[in-house]
């Protein structure tokens, strides 16, 4: 007798039919997350930013520090997800955990989270084309524009999502193997080709004149910080940096896969919110294609919306920082909202799922909320001083405008009709979880 699908049973209890195919194992789900986060892409694509604004120390300790605090956020969200496993679940969690304020919490969280998701897709698109154009520049293969690369990358990822429900799943299986094995190979190659290795004490504690390379930055053309370390290592070892092209191809591939799965994630977020009417005027995008077994219309809209900020990044590198900030703040704020509702408004009435932190739930939640607020503050600051119109961080202003728009639509329109997620099932054979039953 097959084992009961507890996830699908829980969806029925919540009043939802299983419309998207449940074909992922927990290993495949974790694989998508690994490919989506893609540390290889982040380290490579953001190498120049970290070196310019934080120095070499930030390239090492920054990742470790962020990983520790992000782990608490992951634990807290996993506990909520175990109890409420719905597509685009952030807004649904806020609704179910906020008592009588649930409709507004769900409405506000859905919009902020979706803005963050779209900005995240745009950031991934830009990182992908940045690494790809760097590879082309080193290989002297041509002078294609970044706009063309953006268009090709965005269209390819969108088409892959629409080519069939199993295509992204098949891609993630190969992508995870590529991500893991090639990353280890990348590390091994860099160790092997480096002729002279410094001791750990020198690497992590001795920094001298690393900022001097930025002083003549406005006089330097064709700078490629993402590839500089690899190129120098191969050039010192073999007399030519051409071998670094093979190594640089690794983050190019992982960045494309990261962008692919970021579209998957954002499309599911839009699908879930549109299905329940939690994002204004986007209900038509809740349809699931009978052929692809995926929300194709949501994929198309996410890809189109992400192209706009990705294209604007080409005008100034500071816009990339702003788009990255919008993604980080939008996602972090929505995470903090859901976790805060869990530990503050539903602390004594929360019904945990199979994953339960028990007595560690509250301290993990407090740390997660505090860390998310800290990130929102940090990513709202200007990247450089003095602040000019060129270097100004527009992310706080952009999110403020979104917040004003969301609040205005709620006060003038949505509060009269939006009462929260709308379950599909209304028959007596299903024991549904009533809204606000926990609070």
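Numbering (this note's numbering), first residue to last: 57 to 495. Note that beta-carbon positions come from the ideal geometry of N, C-alpha and C, so glycine has one too. Please read these numbers as outputs of a predicted model, since none were measured by experiment.
Buried or exposed: residue i, going by 16 or more other Cβ atoms within 10 Å of its Cβ?
i, result
"residue 441", "exposed"
"residue 425", "buried"
"residue 110", "exposed"
"residue 364", "exposed"
"residue 407", "exposed"
"residue 331", "buried"
"residue 476", "buried"
"residue 113", "exposed"
"residue 121", "exposed"
"residue 191", "buried"
"residue 372", "exposed"
"residue 378", "buried"
"residue 395", "buried"
"residue 133", "buried"
"residue 273", "Because residue 273 sits at a pLDDT of 42, beneath the cut-off of 50, its placement in the model cannot be relied upon, and the following sentence gives the value as read from the coordinates. Result: exposed."
"residue 468", "exposed"
Quick one: what does DSSP say residue i is sitting in, helix, strand or coil?
i, result
"residue 412", "coil"
"residue 444", "coil"
"residue 161", "helix"
"residue 476", "coil"
"residue 436", "coil"
"residue 167", "helix"
"residue 141", "coil"
"residue 94", "coil"
"residue 406", "coil"
"residue 118", "helix"
"residue 172", "helix"
"residue 111", "coil"
By the DSSP assignment, the alpha helix (DSSP H) with residue i in it spans what residues?
i, result
"residue 151", "145-153"
"residue 401", "No alpha helix (DSSP H) holds residue 401; DSSP gives it neither H nor E."
"residue 454", "451-468"
Rounded C-beta distance between residue i and residue j? I'm assuming under 8 angstroms.
i, j, result
"residue 150", "residue 383", "No, residue 150 and residue 383 are not in contact; Cβ-Cβ is about 19 angstroms, not under 8 angstroms."
"residue 182", "residue 366", "5 angstroms"
"residue 161", "residue 397", "6 angstroms"
"residue 423", "residue 164", "Contact doesn't hold; Cβ gap of about 23 angstroms is too wide."
"residue 388", "residue 428", "4 angstroms"
"residue 462", "residue 167", "5 angstroms"
- Identify every run of the alpha helix (DSSP H) within the region 306-388, keeping only runs that are complete inside it and at least 4 residues long; order them along the chain. 352-368
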